[in-house]
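K.L.:
Number of protein chains: 2
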Amino acid sequence: MSESELDLTLDAAELTARLVDIPSVSGDEKALADLVENALRGLAHLTVDRHGNNVVARTHLGRAERVVLAGHLDTVPIADNVPSRLDENDVLWGCGTTDMKSGVAVQLRIAATVPEPNRDLTFVFYDQEEVAADLNGLGKVAAAHPDWLTGDFAVLLEPSDAEVEGGCQGTLRVLLRTKGERAHSARSWMGANAIHAASPILAKLAAYEPRRPVIDGLEFHEGLNAVRIEGGVANNVIPDRCTVTVNFRYAPDRSEADALAHVREVFADCDIDEFVVDDSSPGALPGLSHPAAAAFMEAVGGHAMPKFGWTDVSRFSALGVPAVNYGPGDALLAHKVDERVETKAILHCEERLRAWLTS
Amino acid sequence: MSESELDLTLDAAELTARLVDIPSVSGDEKALADLVENALRGLAHLTVDRHGNNVVARTHLGRAERVVLAGHLDTVPIADNVPSRLDENDVLWGCGTTDMKSGVAVQLRIAATVPEPNRDLTFVFYDQEEVAADLNGLGKVAAAHPDWLTGDFAVLLEPSDAEVEGGCQGTLRVLLRTKGERAHSARSWMGANAIHAASPILAKLAAYEPRRPVIDGLEFHEGLNAVRIEGGVANNVIPDRCTVTVNFRYAPDRSEADALAHVREVFADCDIDEFVVDDSSPGALPGLSHPAAAAFMEAVGGHAMPKFGWTDVSRFSALGVPAVNYGPGDALLAHKVDERVETKAILHCEERLRAWLTS
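Residue numbers (the UniProt record's numbering), protein chains in the order written: chain A, 1 to 359; chain B, 1 to 359.
#1: Tell me the start and end of each unbroken beta strand (DSSP E) in the segment 147 to 221 of chain B that is at least 3 residues and wholly inside, in chain order.
#2: At 9 Å on the CB atoms, spell out the chain A contacts of residue 239 of chain B, in chain order.
#3: Residue 242 of chain B versus chain A: which residues are under 7 Å apart at the beta carbon?
#4: With 8 Å as the C-beta to C-beta threshold (strictly closer), list the residues of the segment 292 to 316 of chain B near chain A in chain order.
#5: Does any residue of chain A have a CB that is nearer than 8 Å to the CB of residue 59 of chain B?
#6: Between B/72, B/174 and B/357, which lies nearest to residue 29 of chain B when the distance is taken from Cα to Cα?
#7: Evaluate the contact criterion for the segment 157 to 165 of chain A versus the segment 47 to 59 of chain A: three or more CB pairs, one atom per stretch, below 8 Å.
#8: Of all Cβ atoms in chain B, is any one closer than 8 Å to the Cβ of residue 187 of chain A?
#9: Compare the C-beta of residue 220 of chain B against all C-beta atoms of chain A and say whether one is closer than 8 Å.
#10: Does residue 195 of chain A get closer than 8 Å to chain B when you measure Cβ to Cβ?
#11: Between residue 335 of chain A and chain B, is there a C-beta pair that is closer than 8 Å?
#12: Excluding the 5 residues flanking residue 315 of chain A on each side, which residues of the same chain have their C-beta closer than 7 Å to its C-beta?
#13: On the DSSP letters alone, give me the boundaries of the beta strand (DSSP E) that residue 242 of chain A sits inside.
#14: Could you pull the DSSP bridge partners for residue 124 of chain B from this structure?
#15: Quick one: Cα of residue 38 of chain B to Cα of residue 186 of chain A, how far?
#16: Going by beta-carbon coordinates alone, are residue 285 of chain B and residue 215 of chain B separated by less than 8 Å?
#17: Relative to the C-alpha of residue 310 of chain A, which candidate in A/299, A/251, A/303 and A/341 has its C-alpha closest?
#18: Please say whether residue 173 of chain A and residue 362 of chain A have beta carbons closer to each other than 8 Å?
#19: Please list, in chain order, all residues of the same chain as residue 350 of chain B whose beta carbon is under 6 Å from its beta carbon, the five residues on each side excluded.
#20: What is the rounded straight-line gap between the Cα of residue 96 of chain A and the Cα of residue 238 of chain A?
#21: By Cβ distance below 7 Å, which residues in the same chain neighbour residue 77 of chain B in space, the five residues on each side in sequence not counted?
#22: Given a cut-off of 8 Å, decide if residue 330 of chain A and residue 98 of chain A are closer than it, judged by their beta-carbon atoms.
#23: May I ask you to list the residues that DSSP assigns as paired with residue 86 of chain A?
#24: Counting contacts by CB-CB distance shorter than 8 Å, is residue 184 of chain A in contact with chain B?
#25: Within 7 Å: the Cβ of residue 95 of chain A and any heavy atom of the ligand ATP?
#26: Could you have a look at residue 316 of chain A and say whether DSSP puts it in helix, strand or coil?
#27: Is it the case that the Cβ atoms of residue 121 of chain B and residue 58 of chain B are separated by a distance below 8 Å?
#28: Is residue 1 of chain B buried or exposed, if buried means 16 or more other CB atoms sit within 10 Å of its CB?
#29: Distance check for residue 94 of chain B and residue 20 of chain B, CA to CA, integer angstroms please.
#30: So, is the C-beta of residue 202 of chain B closer than 8 Å to a C-beta in chain A?
#31: I want to see whether chain B comes within less than 8 Å of residue 198 of chain A, judged by CB atoms only; does it?
#32: In this structure, does DSSP put residue 2 of chain B in helix, strand or coil?
#33: Measure from the alpha carbon of residue 68 of chain B to the alpha carbon of each residue in B/10, B/147, B/155 and B/40, then state which is nearest.
#34: Considering only residues of the same chain and omitting the five flanking positions on each side of residue 32 of chain A, which have a CB-CB separation below 6 Å?
#35: Going along chain B in order, which residues have a C-beta closer than 8 Å to the C-beta of residue 205 of chain A?
#36: Quick one: what's residue 359 of chain B bridged to in DSSP?
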């Protein structure tokens, strides 16, 4: 076994350490993608495709259902926390240990050790998840080769502490701009104050009562918030412009269009000069009522939780594939200098997925 | 008459041109202050004192009243508008023509040509009016030699289009800071939004009804305005901090302390985390009921107007000397590249002041 090959006979924890020791900061995933592709090409039961630094491997056993196991290869920038380090409590430290090379290791172990799964399998390894949405490798594969991603159900092995996180909330960001007229503040009645004109906007936000709809048994929790406000010209000038940046996080029973219509309605009587849609990403329904999802829930145990933040499960949802997050590690440790994962959590996830796919 | 002397036999318009051609941008007034001092020392009826680049000249005739004529020597930076230029319509163009070398020329002409005024006279020429308040030469003389500035009434020869502007409004700037707690905007209920917490502040501002009190026959006009607002951490973070900068311009029947108490009261129930006084300058009462002022009004004609912005008349007011602005030129042309003054306006002001002081 040379330095230039991944040894898929290592257990998932050892394999995670090996993956962490191969840097793959967003935009620099080629070395790791090459190793993953080569390792998968050595497995006779899989066909392997590649698009850029995205690798997709599939079984073709003619099973009644197909499930997708997906994970990203990239990490945030290394913060002096590579190579990995295993401490005396079997905790593995290092950049990507939790987000999400432990999940990738589990994918690779399932690929290597389950040649005859009870459902056809698709393994997706993609790049640039940690950067701007338009660079995201999963999005690029979805655009170029949507047929590679078809399936009945998908599991993203993002860190979820081995709990199932179903669906995800959508996010919409709008800029609300009010207009006024400049004047010297000593003669303020000669102008019109754009910051004062934003008062009804803040009043609507402060009074907003977010919905908490239950979907597929999961209680989501919406939120409508100002995330920025900016206005002012000089300390003696009545400002002619004020901008409130509003972020709406919405449950997946609303479409992108519904969400936008709702926000427009909330601020309908606020005398807004410019209403700019700055960013929009749809939510994803949990899809837990699908038979493949139900079987998955039964195999992994526990109860599903709603995913409040936006994740790539939404990309699968847009392709008509219900998806959940399920992976080792605590998401709150992601992107931190002291990122780490318990090795037993990695092995637990691997075992639960194998149980689901071989029972 | 050498280049190094001012010729006070020139008429006030010619003298203005001569003064404009001697650059005296704030901080660089020494050359002009030297010329002014030397010219005044040549006048036997005056005693002359100097403090830094501030020159004070006084008669000592034992008159029942003493009036002060004051003006600043400095200008804003030259904008390729020096030397001065007299056009075919007798309009004088150049930096300082209106603000306020024409006023200074009138002061110098009165000093030179009215050796036996009906009231004792004090002429004040000071530096650094166009820059930070703590550099202001009038303020420095007031601190070091308040006796030089005593009087019954003062006229600042700032451009007022030869209308009398009485008193000035005070100005108070406060920072109102609200506090929240950061959280990811997808889980906004885990935090507290400091921008939303500023909503009651903006509501108070938008609903505020300013007073328009009549003082000494002049209608002032207050104003309470947000001049800046800032809040926000990142587009996906509930902000923990928001700052509203509020400017209160108040009529001179309120003291600084009254004004501050009023602003505190307006926002008393707004749940403000920090209330910071950022700037405060008191207003000045018009003092038009004083006999010297009444005689002045009668001599110059027209009707007095309230001064809404803050001016150095407030410094005289603080010394117990009622003061007004009265000078040639349009204040709206001050600080502009196309700054200019009609020569007849300069001569008119000189004549009106002479009439008052010799009748």
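Yeah, the Cβ is synthetic: ideal placement off N, Cα and C, and Gly gets one too.
P.N.:
From the atom records:
#1: 153 to 156 and 170 to 179
#2: 225, 226, 227, 228 and 229
#3: 229
#4: 308, 309 and 310
#5: no
#6: B/72
#7: no
#8: yes
#9: no
#10: yes
#11: no
#12: 138, 139 and 142
#13: 241 to 250
#14: B/56 and B/70
#15: 39 Å
#16: yes
#17: A/251
#18: The structure shown does not extend to residue 362 of chain A, since chain A is modelled only from 1 through 359, so no value can be given for it.
#19: 12, 106 and 109
#20: 50 Å
#21: 25
#22: yes
#23: A/92
#24: yes
#25: This structure does not include the ligand ATP; it has no bound ligands of any sort.
#26: helix
#27: yes
#28: Model confidence at residue 1 of chain B stands at a pLDDT of 44, short of 50, so the residue's coordinates are unreliable and nothing is read from them.
#29: 7 Å
#30: yes
#31: yes
#32: In this predicted model, residue 2 of chain B has a pLDDT of only 49, less than 50, meaning its place in the structure is not dependable enough to derive any value.
#33: B/155
#34: 22, 24 and 73
#35: 193, 195, 196 and 199
#36: Bridge partners of residue 359 of chain B: none, in fact.
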